[in-house]
Structure formats: C-alpha cells, structure tokens
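The structure under discussion appears below in the form of structure tokens.
In the numbering used here, the protein residues as written are 5 to 54.
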C-alpha cells in the first residue's frame, strides 16, 4: 500500500509539499517529523497520485 504524506505549514496548516511513499517508509518519515516538530497529513494514495 502507498501513502501520500503532506508537510503542513506551521502557521495556517496548508500543504507545503507532498510525496507518495510505500508503507515501509511511513514510520521513518513520521519519526523524523516528530523529532523536529513538523506537522504532517497522511492519507492512502489513490491511483491518481502514483
């Protein structure tokens, strides 16, 4: 399964950038974001974002 991960702006919460990754990469990205206080939005990637 693949997921779209969007990095959110600290001020207004809008998506700054996004990437599509496999399930094995999600934990690593979440841990990195948590270590620097970065906000993320994660959702399953549909066929259009692949």
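Glycine residues also receive a C-beta, built at the ideal position from the N, C-alpha and C atoms.
As the structure is a prediction and not an experimental result, all values here were calculated from the model.
If you check the CB distance, residue 48 and residue 6 come in under 9 Å. Put simply, the backbone Cα of residue 36 is about 20 Å away from that of residue 15. Residue 43 has its alpha-carbon roughly 8 Å from the corresponding atom of residue 13. Around the C-beta of residue 40, fewer than 16 other C-beta atoms lie within 10 Å, and the residue is accordingly described as exposed. When beta bridges are read from the DSSP output, residue 22 appears opposite 10.
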